[in-house]
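Here is the structure we will look at.
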Amino acid sequence: MKIAVLVKQVPGSESPLPMVSSQDWLDESQVAYIMNESDNYALEEALQIREKNNDGEVVIISLGPNRIQKVIREALSKGADRAIHIQTDGSYPTDPLVTASLFSETLKDENFDLIFSGLQSDDLGFGQTGVLLGELLNMSTATLAMSTEIIDNKIKVKRELEAGYFQWVTMSLPASISVQSGCNTPRYPSLKGIMGAKKKEINVITPPVMDQNQSIKKIYAPNSAKETVMVEGSVDQIVEKLVNIFRNEIKIT
Amino acid sequence: MFKVIGRGTNPIDWKQVMKNWPKGLAVFISQKTLFKTRPVIGAIHAGVAWGFTLYLLVNIIDIFYGMIPGFHFFPNHFIGDFYRFFVDVFTIIVLVGIVLFIVRRFIQKDKLLVTNEPVLISDKAKIGIKRDSLIVGMFILFHIGFRFIGASFEVAINGPDWSQPGATLVASLWDGLSPNALIFGEHVSWWMALGLILLFIPYFPYSKHAHLFMGPLNYMAQESRRSLTTLEVMDLEDEQLEQFGASKLEHLPQKELLDGYACIMCNRCQDICPAYQTGKELSPSAIEINKRYYFNENMKEFSNGAESADPLSQWMLSEEAAWSCTTCGFCIDACPVGNEPMIDILRVRQNLVLMESNFPRDAMEVFDKIENYGNPWGMSPQDREKWTDGMDVPKMRDKGKAEYLYWAGCSGAYDDRGKDISRSVAKIMNEAGVDYAILGNEESCTGDSARRIGNEYLFQMQATQNLETFEKYGVKKIITQCPHCLTTLKNDYGEIGADLEVTHHSEFISQLIKEKKINPDNTIDEDITFHDACYVGRHHGEYDAPREVLQSVLSKDANIVEMERNKEQSFCCGAGGGNMWYEIKSGKRINVERFEEAIDTGVKKVATSCNFCMIMMEDARKVTGQDESMEVFDIAELVAERL
Chain S
11 MKIAVLVKQV
21 PGSESPLPMV
31 SSQDWLDESQ
41 VAYIMNESDN
51 YALEEALQIR
61 EKNNDGEVVI
71 ISLGPNRIQK
81 VIREALSKGA
91 DRAIHIQTDG
101 SYPTDPLVTA
111 SLFSETLKDE
121 NFDLIFSGLQ
131 SDDLGFGQTG
141 VLLGELLNMS
151 TATLAMSTEI
161 IDNKIKVKRE
171 LEAGYFQWVT
181 MSLPASISVQ
191 SGCNTPRYPS
201 LKGIMGAKKK
211 EINVITPPVM
221 DQNQSIKKIY
231 APNSAKETVM
241 VEGSVDQIVE
251 KLVNIFRNEI
261 KIT
Chain E
197 MFKVIGRGTN
207 PIDWKQVMKN
217 WPKGLAVFIS
227 QKTLFKTRPV
237 IGAIHAGVAW
247 GFTLYLLVNI
257 IDIFYGMIPG
267 FHFFPNHFIG
277 DFYRFFVDVF
287 TIIVLVGIVL
297 FIVRRFIQKD
307 KLLVTNEPVL
317 ISDKAKIGIK
327 RDSLIVGMFI
337 LFHIGFRFIG
347 ASFEVAINGP
357 DWSQPGATLV
367 ASLWDGLSPN
377 ALIFGEHVSW
387 WMALGLILLF
397 IPYFPYSKHA
407 HLFMGPLNYM
417 AQESRRSLTT
427 LEVMDLEDEQ
437 LEQFGASKLE
447 HLPQKELLDG
457 YACIMCNRCQ
467 DICPAYQTGK
477 ELSPSAIEIN
487 KRYYFNENMK
497 EFSNGAESAD
507 PLSQWMLSEE
517 AAWSCTTCGF
527 CIDACPVGNE
537 PMIDILRVRQ
547 NLVLMESNFP
557 RDAMEVFDKI
567 ENYGNPWGMS
577 PQDREKWTDG
587 MDVPKMRDKG
597 KAEYLYWAGC
607 SGAYDDRGKD
617 ISRSVAKIMN
627 EAGVDYAILG
637 NEESCTGDSA
647 RRIGNEYLFQ
657 MQATQNLETF
667 EKYGVKKIIT
677 QCPHCLTTLK
687 NDYGEIGADL
697 EVTHHSEFIS
707 QLIKEKKINP
717 DNTIDEDITF
727 HDACYVGRHH
737 GEYDAPREVL
747 QSVLSKDANI
757 VEMERNKEQS
767 FCCGAGGGNM
777 WYEIKSGKRI
787 NVERFEEAID
797 TGVKKVATSC
807 NFCMIMMEDA
817 RKVTGQDESM
827 EVFDIAELVA
837 ERL
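Here it is in structure tokens:
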């Protein structure tokens, strides 16, 4: 079984997020980058399938400037076999169709049985790359996977729906599946893994420049205004006031 | 036995060990390491030990006496009389002592000698310790007893001897026996006393009585560590290394295998272990006991090179036990024979982290946070110097160079109470006109928690980064209020090769007061208690400085009221060794146990000199419902408020 995992490097949730003066992106020099959270789960899912089958290859695919080699190495140290780094200079696509097209160009001859990706990236959050890639490569696709199981050359996926419902779908391979955070327990790399990762192959390729259908005009930090209201009175009064606030001000129905 | 020990790594340099003989002899004679805890039992042991040692000489003389007709040891000479008197007295001391020990174990059934559930302890050991103790007790009792009776027969034959009052007293029992009967009795006694030794010798390697030689030897073989917890640095680049940490016995250094033979299973380490005392799965003595019973059962195979049972965390100590250790260091400090169970624990952790990636989830998050943000809180590295907002605190990047680096550490930069302490320290240094600066956002976690949890790789990454920053500003002297940073910067970085003079804020403030650079008002007129941090006290040897600082702000009506366990005997707050970051659910919480001791003093103010202790005490204050009535301070806060 040949499995690709799409891994993205994104700003950490606690990272400082200073903007460049043109206000269309972050000043990357001050950002603390980490592996996109759901990609970590996608990687774990791939590694577990490989371990279960005792055979196969897990290949990391990542797109971005040279700094992303940090997360590529991290993924390799956790047990992926090799990596493809689609190298972009400073500006990388913010249009998911372009991203997916670059991936599909790179992967079309690799003939992967499975492509795992995180549900969405924690920076742009389109949640489309995995699905688009599946379509471009003519694969079955599923999103929001909570668990997966390979049965007779097919894959059974448990998908998370709204309001606590789940859906089970069985799809033929090859398939591209985007994975929900929390679906497994990602591992921490062993020292052997970290040392071994230094010797693993990262194939760096430079893609052609593609026109984007969409781009970012402006980013800004939302104003976070915190207001504390003290609700006072007898217990009954407090309950009544709280219900009123929930119903009319916060609008919980 | 030595073939078993030889299976370990890091060969013991026996020549070097033998050079330590004065140290070994001094402890053997003084028995001083037995008095750190359980002084009464220690005293009885000293009597038995001295007497039994004397018997090494006695046995040799007795062999001559029995084998060479007419041989007597300086008969009618003051040396001989002195010898006989000495033997007589010590015989009685040993007999009384060993009877007391037998009574304590088998009749009184002292709970201290048993390891409670839920600690993992070999079934063989549970029965074995009792049996072994009985055999050893009886051996000593009968060996010495028959020798004594033999002496009494001799007195009965030759007439009363003023130099052997004990034997003379017993000799009166034999009044009326024929001379032949007396000679027969003496012969039987001689054979019994010496024959028992011959009988006992083959059993000796399997008995805990081996501690007689292995204890002092182990004490002499003890490595000199920079601090109780500082391990040697791993060469992570060495591609020959296949194993990091220990998952099998043969991964442990020879010294730590010797520990198993030196252990007499007295459980002193268990008495004072914060994890054991709060009902967790860890007992330091169980580690050594399990080790020893493994040796006993597999002596032949193991000494001939067979692989030992893998992994240690299945049989030597449970995984939970390994994670329960707070690295307070008391087990090492309390051990009379120089055993280091805590070091075994650290090595087992290294294996679990570096080889198996098997450790508490919360610790994994902490590793990620340190790696990504440079602090275990996982807060923005750009917010590190926020504690200085509104204060005049010089930064290295502005100042370029300063005599002292003030290292606030992650807890001093991100934890709310920690920030109070950092501001207090800065205020004190400003007041005293100290030439200092902070690294601010250029500071990054020292790697203390990472290293104690077993993540040597992350520790070395952090160390490399910080040492580069020190290099950039020519940092030589560091002041910190965080004892964990202190230990790591001073000792663990020292092990890497750094040469930093690191001072704890208690020492520094105490010095400022002595030099009259600051004069805090002594306006506290309520009694106060002080909690010793393990990494200031046991690991750094400083007990007085924080008390001096505290004294300087107390009015003449107020006193420092010590908790029951204080100074060298102090009890951990529960945060060390990474336990700050994950919770061992079983048993009682260690910080609550400690805080209740503070409550028992009856005072309402608790002072600490460690950020982690502060967090633990603050938490326990709330858990025990004392949030209204009691207060916790750092010594620096008390001083800064009074400038």
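Residue numbers (my numbering), protein chains in the order written: chain S, 11 to 263; chain E, 197 to 839. Don't be surprised by glycine CBs; every beta carbon is placed ideally from N, CA and C. Remember, predicted model here, so these are calculated numbers, not experimental data.
When the Cα atoms are used, what is the spatial distance from K64(S) to I71(S)?
Taking the first residue of the first sequence as position 1, residue 64(S) is located at position 54. Taking the first residue of the first sequence as position 1, residue 71(S) is located at position 61. Inspection of the sequence shows that residue 64(S) is occupied by Asn rather than by Lys. Inter-residue distance for N64(S) and I71(S) is about 22 Å (C-alpha atoms, whole angstroms).
At a CB-CB cut-off below 7 Å, which residues of chain S make contact with G574(E)?
Working through the second sequence from its first residue, we reach residue 574(E) at position 378. Per Cβ cutoff of 7 Å: E24.
Sequence ranges, alpha helix (DSSP H) only - wholly within the stretch 351-384 of chain E, length at least 4:
List check, alpha helix (DSSP H) in window: 361-367.
From K202(S), Q138(S) and E237(S), pick the residue whose C-alpha is nearest to that of E435(E); which is it?
Taking the second sequence and counting its residues from 1, the one referred to as residue 435(E) is at position 239. The option with the nearest alpha carbon to E435(E) is K202(S).
Return the first residue and the last residue of the alpha helix (DSSP H) that F791(E) is part of.
Here the question's residue 791(E) lines up with position 595 in the second sequence. I786 to D796 is the span of the alpha helix (DSSP H), which, as asked, contains F791(E).
Rounded straight-line distance, which links the Cα of S607(E) to that of A192(E)
No statement about residue 192(E) is possible, as the shown extent of chain E runs from 197 to 839 and does not include it.
Looking at chain S, which residues of the stretch 540-551 of chain E have a Cβ within less than 7 Å of any of its Cβ atoms?
If the cut-off is 7 Å between Cβ atoms, the stretch 540-551 of chain E has L550 and M551 near chain S.
State buried or exposed for W358(E), treating a residue as buried only when at least 16 other CB atoms are found within 10 Å of its CB.
Residue 358(E) sits at position 162 when you count from the first residue of the second sequence. Answer is exposed; the Cβ neighbour count stays below 16.
In chain order, what residues of the same chain lie with their CB nearer than 6 Å to the CB of R83(S), ignoring the 5 residues before and after it?
The residue given as residue 83(S) occupies position 73 in the first sequence. Around R83(S): A207.
Does the Cβ of A173(S) have 16 or more other Cβ atoms within 10 Å, making it buried, or fewer, making it exposed?
As a first step, residue 173(S) must be located in the first sequence, where it is residue number 163. Exposed, by the Cβ-count rule.
Are K199(E) and S499(E) closer than 8 Å when you measure CB to CB?
Along the second sequence, read from residue 1 onward, the residue named residue 199(E) stands at position 3. Along the second sequence, read from residue 1 onward, the residue named residue 499(E) stands at position 303. In contact: K199(E) and S499(E) (Cβ atoms closer than 8 Å).
Quick check on DSSP: helix, strand or coil for R421(E)?
The sequence position of residue 421(E) within the second sequence is 225, counting from 1. Reduced to three states, the DSSP call for R421(E) is coil.
My guess is that Q439(E) and I201(E) are in contact by the Cβ rule of under 8 Å, so how many angstroms apart are they, rounded?
Taking the first residue of the second sequence as position 1, residue 439(E) is located at position 243. Taking the first residue of the second sequence as position 1, residue 201(E) is located at position 5. With a Cβ gap of about 19 Å, Q439(E) and I201(E) do not count as contacting.
Backbone secondary structure at N165(E) - three-state DSSP
Beyond the ends of chain E as shown, which are 197 and 839, falls residue 165(E); an answer cannot be given.
9 Å Cβ cut-off: residues of chain S touching L432(E):
Translated into the one-based positions of the second sequence, residue 432(E) becomes position 236. At a beta-carbon threshold of 9 Å, the residues of chain S lying near L432(E) are L201, I204 and M205, ordered along the chain.
Below 8 Å, how does it come out for the stretch 415-426 of chain E and the stretch 524-532 of chain E: are there three or more Cβ pairs, yes or no?
Segments in contact, yes.
Mind the definition here: the stretch 457-472 of chain E touches the stretch 210-223 of chain E only if three or more C-beta pairs lie below 8 Å; say whether that holds.
Contact fails: fewer than three Cβ-Cβ distances are below 8 Å.
Pairwise C-alpha distance: G783(E) and K712(E):
Here residue 712(E) refers to the residue found at position 516 when the second sequence is read from its first residue. Here residue 783(E) refers to the residue found at position 587 when the second sequence is read from its first residue. Inter-residue distance for K712(E) and G783(E) is about 47 Å (C-alpha atoms, whole angstroms).
Are the Cβ atoms of E47(S) and F126(S) separated by less than 8 Å?
As a position in the first sequence, residue 47(S) is number 37, starting the count at 1. As a position in the first sequence, residue 126(S) is number 116, starting the count at 1. No, Cβ-Cβ distance for E47(S) and F126(S) is not below 8 Å.
Could you name each continuous alpha helix (DSSP H) segment of 4 residues or more that falls completely within the stretch 165-224 of chain S, going from the start of the chain to the end?
The stretch 165-224 of chain S contains these whole alpha helix (DSSP H) runs: 201-207.
Listed from N- to C-terminal order along the chain, which residues in the stretch 565-592 of chain E have their beta-carbon within a distance smaller than 7 Å of any beta-carbon of chain S?
Per Cβ criterion, the list reads N568, Y569, G574, M575, S576, P577 and Q578.
Kindly indicate which three-state DSSP category H701(E) falls into: helix, strand or coil?
The residue given as residue 701(E) occupies position 505 in the second sequence. Assignment of H701(E) by DSSP, reduced to helix, strand and coil, places it in the helix class.
Answer yes or no: do V819(E) and V802(E) have a C-beta to C-beta separation smaller than 8 Å?
Start at 1 with the first residue of the second sequence, and residue 819(E) comes out as number 623. Start at 1 with the first residue of the second sequence, and residue 802(E) comes out as number 606. No, Cβ-Cβ distance for V819(E) and V802(E) is not below 8 Å.
Quick one, are the C-beta atoms of K763(E) and G733(E) less than 8 Å apart?
Counted from its first residue, the second sequence places residue 763(E) at position 567. Counted from its first residue, the second sequence places residue 733(E) at position 537. Against a cut-off of 8 Å, the Cβ pair of G733(E) and K763(E) comes out as a contact.
Should A502(E) be labelled buried (16 or more other beta-carbon atoms within 10 Å of its own) or exposed?
For the purposes of this step, residue 502(E) is taken as residue 306 along the second sequence, with counting starting at 1. Classification of A502(E): exposed, given that the 10 Å Cβ count is below 16.
Would a check of beta-carbon distances place M334(E) closer than 8 Å to chain S?
Sequence index remark: in the second sequence, residue 334(E) carries index 138 (1-based). So, not an interface residue.
State the beta-bridge partners of D830(E) as determined by DSSP.
For the purposes of this step, residue 830(E) is taken as the residue at position 634 of the second sequence. In the DSSP assignment, D830(E) forms a beta bridge with T804(E).
Give me the Cβ distance between I617(E) and D830(E), rounded to the nearest whole Å; I'm assuming they're in contact under 8 Å.
As a working mapping, residue 617(E) is identified with position 421 in the second sequence. As a working mapping, residue 830(E) is identified with position 634 in the second sequence. Confirmed, about 4 Å.
Spell out the partners DSSP gives Q19(S) in its beta bridges.
Counting from 1 along the first sequence, the entry for residue 19(S) is found at position 9. Answer is M45(S), bridged to Q19(S).
Using a Cβ-Cβ cutoff of less than 8 Å, which residues in the same chain neighbour L291(E) once the five nearest sequence positions on both sides are dropped?
Taking the first residue of the second sequence as position 1, residue 291(E) is located at position 95. Excluding residues within five positions, the ones whose Cβ falls inside 8 Å are L337, I340, G341 and F344.
Residues in the same chain with beta-carbon distance under 8 Å from P375(E), minus the five sequence neighbours each way, listed in chain order, please.
Your numbering for residue 375(E) matches position 179 in the second sequence. Result list for P375(E): I353, in chain order.
Neighbour list for Y198(S) in chain E, Cβ cutoff strictly below 7 Å
Start at 1 with the first residue of the first sequence, and residue 198(S) comes out as number 188. The answer, in chain order, is S553, M560 and F563.
I'd like to know whether the C-beta of A85(S) is nearer than 8 Å to at least one C-beta of chain E.
As a working mapping, residue 85(S) is identified with position 75 in the first sequence. No, because no Cβ of chain E sits closer than 8 Å to the Cβ of A85(S).
For the stretch 644-663 of chain E, which residues have a beta carbon sitting closer than 7 Å to at least one beta carbon of chain S?
Taking 7 Å as the upper bound on Cβ-Cβ separation, chain S lies near residues Y653 of the stretch 644-663 of chain E.
May I ask you to report which of helix, strand or coil DSSP gives I724(E)?
On the second sequence, residue 724(E) is found 528 positions in, with the first residue counted as 1. Note: I724(E) maps to strand in three-state DSSP.
So that I know if they touch, is there some Cβ in chain E lying closer than 8 Å to that of A110(S)?
Translated into positions along the first sequence, residue 110(S) becomes position 100. By this cut-off, A110(S) is not an interface position.
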